[in-house]
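To start, the structure under review is shown below, and the notes come after it.
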Amino acid sequence: MRLRTLLTAASAAALLLASPAFAQTKTIKAVMHSDLKVLDPIWTTANIVRNHGYMVWDTLFAMDEKLRPQPQMVDTWTLSDDKLTYTFTLRDGLKWHDGKPVTAEDCVASLKRWGARDSTGVKMLSFVSSFEPVNDRTFRIVLKEPYGLLIDSLAKPGGSTPLMMPKRIADTDPAKQISEFVGSGPFIFKADEWKPGEKTVYVKNPDYKPRAEPASGLAGGKVAKVDRVEWLAIPDHQTAVNALLAGEIDYIEAPPHDLKSLLQADKNVRLEVYNKIGAQYVFRWNTVVPPFDNEKVRRAAEYAFDQKAFLQGVIGDEKYYQTCDAMFVCGTPLESNAGMDGLVRGNFAKSRELLKEAGYDGTPIVMLHTTDIAVLTNAGPIAKDLLEKGGFKVQMVPLDFQAIVARRLRKTPPQDGGWNGFMTAWLSVDMMNPLTNSMLTASCDKANFGWPCDAEVERLRDAFARAPDLESRKKIAADLQARAITYGTHVPLGQYTLPTATRSDRLSGLVTSPVPVFWNIEKKGT
1 MRLRTLLTAA
11 SAAALLLASP
21 AFAQTKTIKA
31 VMHSDLKVLD
41 PIWTTANIVR
51 NHGYMVWDTL
61 FAMDEKLRPQ
71 PQMVDTWTLS
81 DDKLTYTFTL
91 RDGLKWHDGK
101 PVTAEDCVAS
111 LKRWGARDST
121 GVKMLSFVSS
131 FEPVNDRTFR
141 IVLKEPYGLL
151 IDSLAKPGGS
161 TPLMMPKRIA
171 DTDPAKQISE
181 FVGSGPFIFK
191 ADEWKPGEKT
201 VYVKNPDYKP
211 RAEPASGLAG
221 GKVAKVDRVE
231 WLAIPDHQTA
241 VNALLAGEID
251 YIEAPPHDLK
261 SLLQADKNVR
271 LEVYNKIGAQ
281 YVFRWNTVVP
291 PFDNEKVRRA
301 AEYAFDQKAF
311 LQGVIGDEKY
321 YQTCDAMFVC
331 GTPLESNAGM
341 DGLVRGNFAK
351 SRELLKEAGY
361 DGTPIVMLHT
371 TDIAVLTNAG
381 PIAKDLLEKG
391 GFKVQMVPLD
401 FQAIVARRLR
411 KTPPQDGGWN
421 GFMTAWLSVD
431 MMNPLTNSML
441 TASCDKANFG
451 WPCDAEVERL
461 RDAFARAPDL
471 ESRKKIAADL
481 QARAITYGTH
491 VPLGQYTLPT
501 ATRSDRLSGL
511 VTSPVPVFWN
521 IEKKGT
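Right under this line is the structure:
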């Protein structure tokens, strides 16, 4: 009798420990490329904020692994015969993290706020006549004239993404940041555990209803297979790599190339590129203050830069970079070398000649230099060296990336807290066409930081938006690239990919995607 009692008690204890309340919490501990300090994904184009956005919020459409737009929050959609009215019906059962249902009015408000800030959204909304909620799950977008890139715009994957928010949050003035972070995505942001400089925490959303299709890129079923994701702020790259090797963390989004050999030597570490299309380096200048307010000075810099030398110095391993004269990315339908003849080849003599013609007086240009993101820490010094060989004097100002994000919004001269230029990098998916490529916007005060101002660039962007087919878009894109290079909106400096490092003995199921995502990942152990 006593034995039977003991066995019964033991069985009950085993069942209790196996129940959800006593199940071990599965947590992914990750080190991202940058610390998260801004939480509004519409407010900035910073990649870390976009990554945060995909954790918490969801999109109407999303790009799959082959960069094709697919419905995400949308269940069904139609286009009228005159190509002026899109009608969208949301999937049934979508809920915000506070338990309230997602409505058509929420989506309309979200699109309006996104469209007030993002260059792709601004262009799309210029074609929109009205938004019309039909019922709780259905709304219409009525156009002034046909716009064949509307679905692509809604599926825009990078930069400032059109993420859906509750109406009360989306109604926030676009000039102000949101203060509530309620999404409908697969993870919930734990605001009470967020400590900038230490960690950011997300937990599984138990009410999330994934699509039935398998995960593909940013589309398909977003199934959260872990209970908790922690982004740990470890700014020292060697310390982060040591933590991965010791099994103290599970994931490093972007380990520096010079530490790859340490990771490759450990059989329990996997190095793999998940963003197959990679990213593009860019030098961006401020066109509203000297000396880059002068087109000849901008042209001089285009001659001074040397893509091959730059990429070799920053990345080093040819497996992970390629020179590319295409402003809209090599390996894409809009690839072109229009306007790039002789540029970014290190023609220092030509650069010095143009600077002399422009009357450059040798005043140092103030170049902001990112110190806390691995792919940018070497970019500044190498850019400085190339520009100086071309006749520029350069004063490099080291700052963490979030400080640069704030300072690059200033139009004032450098002596008053402004800037002249800086090195940055964009996901290739952001740069693939003239509407998503925010470096190309040349609408003066309405343009992105740097504020290029050129009517012909804007005319060609409008023509691209109205083009009826791919062949006509290719022609316009080539003309646009040539004009943008002549004016000098920015300098494209080649493409690169970054391998992500994970504990292969713990993590599996990572999704091939231009954005690092944490759905579909399974973890062994806690």
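Following our numbering, the numbering of the sequence shown begins with 1 at its first residue and continues without gaps.
Note that CB positions come from ideal geometry on N, CA and C, so glycine has one too.
From a predicted model like this one, the values you see are computed outputs, not experimental measurements.
Residue range of the alpha helix (DSSP H) that F310 falls in?
307 to 314 is the span of the alpha helix (DSSP H), which, as asked, contains F310.
Going straight from the alpha carbon of A14 to that of Q322, what length do you get?
The predicted model places A14 with a pLDDT of 40, which falls under 50 and marks its position as unreliable; any figure quoted below should be read in that light. Spanning the two alpha carbons is a distance of roughly 56 Å.
Under the three-state reduction of DSSP, which class applies to D82: helix, strand or coil?
Secondary structure of D82 (DSSP, three-state): coil.
Residues bridged to A279 (per DSSP):
The beta-bridge partner set that DSSP reports for A279 consists of L427, Y496.
In this structure, what does DSSP give as the bridge partners for R270?
The secondary-structure analysis by DSSP pairs R270 across a beta bridge with T502.
Can you tell me whether S366 is buried or exposed? The criterion is at least 16 other CB atoms within 10 Å of its CB, across all chains shown.
Going by the sequence as given, residue 366 is Val instead of Ser. V366 comes out buried.
Spatial distance of P101 from L94 (CA atoms)
The straight-line gap from Cα to Cα measures roughly 6 Å.
Under 8 Å: do the stretch 195 to 209 and the stretch 217 to 224 share three or more Cβ pairs, one atom per stretch?
Because the criterion of three Cβ pairs below 8 Å is met, the stretch 195 to 209 and the stretch 217 to 224 touch.
Excluding five sequence neighbours on each side, which residues of the same chain lie with their C-beta closer than 6 Å to the C-beta of G316?
In the same chain as G316, and ignoring 5 residues on each side of it, the C-beta atoms closer than 6 Å to its own belong to H257, in chain order.
Between which residues of its own chain and A243 is the CB-CB distance below 6 Å, once the five residues before and five after are set aside?
The residues I249, in chain order, have a CB closer than 6 Å to that of A243 in the same chain once the five nearest residues on each side in sequence are set aside.
Cα separation between I178 and S351?
If I take the Cα positions, the gap works out to 45 Å.
Should F22 go down as buried or exposed, given a rule of 16 or more other Cβ atoms within 10 Å for buried?
Confidence at F22 is low in this model, with a pLDDT of 47, below 50, so its placement is unreliable and the value that follows should be read with caution. Label assigned to F22: exposed.
V491 versus E471 - alpha carbon distance:
CA-to-CA, the gap between V491 and E471 works out to about 26 Å.
For the pair the stretch 180 to 189 and the stretch 117 to 128, tell me if three or more CB-CB distances fall below 8 Å.
Under the three-pair Cβ rule at 8 Å, the stretch 180 to 189 does not count as touching the stretch 117 to 128.
Helix, strand or coil at A240 [DSSP, three-state]
Helix.
Would you mind sorting Q395 into buried or exposed? The rule is 16 or more other CB atoms within 10 Å of its CB.
When all chains shown are included, Q395 counts as exposed.
Can you say whether G362 is buried or exposed, counting buried as having 16 or more other CB atoms within 10 angstroms of its CB?
By the neighbour-count rule (16 or more Cβ atoms within 10 Å), G362 is not buried but exposed.
Using 8 Å as the cut-off, can you tell me whether the stretch 141 to 151 makes contact with the stretch 69 to 86, which would need three or more C-beta pairs spanning the two stretches below that distance?
Output reads yes: the stretch 69 to 86 touches the stretch 141 to 151.
Using a Cβ-Cβ cutoff of less than 7 Å, which residues in the same chain neighbour N268 once the five nearest sequence positions on both sides are dropped?
Cβ within range, chain order: R503, S504, D505.
Pairwise C-alpha distance: Q24 and V329
Our two residues, V329 and Q24, have alpha carbons roughly 45 Å apart in a direct line.
Are the beta-carbon atoms belonging to L386 and F305 less than 7 Å from one another?
Contact flag set, yes.
Taking only the alpha-carbon atoms, compute the straight-line gap between V288 and K26 and give it to the nearest angstrom.
Cα-Cα distance, rounded: 51 Å.
Thinking C-alpha only, which one of Q481, T172, I373 is nearest L399?
Distance check between L399 and each of Q481, T172, I373 places I373 closest, using alpha-carbon atoms only.
Distance check for G346 and V297, CA to CA, integer angstroms please.
C-alpha separation (whole angstroms): 15 Å.
R483 beta carbon less than 7 Å from that of E458:
No Cβ-Cβ contact shorter than 7 Å links E458 with R483.
Whole angstroms is fine: what's the gap from Q280's alpha carbon to M432's?
Across the structure, Q280 and M432 are spaced so that their CA atoms are roughly 10 Å apart.
DSSP puts I42 in a beta bridge; with which residues?
Beta-bridge pairing by DSSP links I42 to no other residue.
Considering only residues of the stretch 100 to 137, which uninterrupted beta strand (DSSP E) runs meet the minimum length of 3 residues and lie entirely inside it, listed in chain order?
If we require 3 residues or more, the beta strand (DSSP E) runs fully inside the stretch 100 to 137 come out as 128 to 133.
Under the three-state reduction of DSSP, which class applies to I141: helix, strand or coil?
DSSP, reduced to helix, strand and coil, places I141 within a strand of the structure shown.
Give every residue of the same chain whose Cβ lies closer than 6 Å to the Cβ of V273, excluding the five residues on either side of it in the sequence, and list them in chain order.
These residues qualify, in order along the chain: T497, P499.
Per-residue DSSP class, three states only, for F22
Bear in mind that a pLDDT of 47 at F22, under 50, signals an unreliable position, so the number given afterwards is only what the model happens to contain. Per DSSP, reduced to three states, the secondary structure at F22 is helical.
Let me know the secondary structure DSSP gives C453 once reduced to three states.
Reduced to three states, the DSSP call for C453 is strand.
So, helix, strand or coil for D469, using DSSP?
The answer is coil: DSSP assigns D469 none of H, G, I, E or B.
Measure the C-alpha to C-alpha separation of L79 and E105 and round it to an integer number of angstroms.
L79 and E105 have their C-alpha atoms spaced approximately 20 Å apart.
Return the chain-ordered list of same chain residues with a C-beta closer than 6 Å to the C-beta of L245, the five sequence neighbours on each side being excluded.
Closer than 6 Å at the Cβ level, and outside the excluded window around L245, lie D266.
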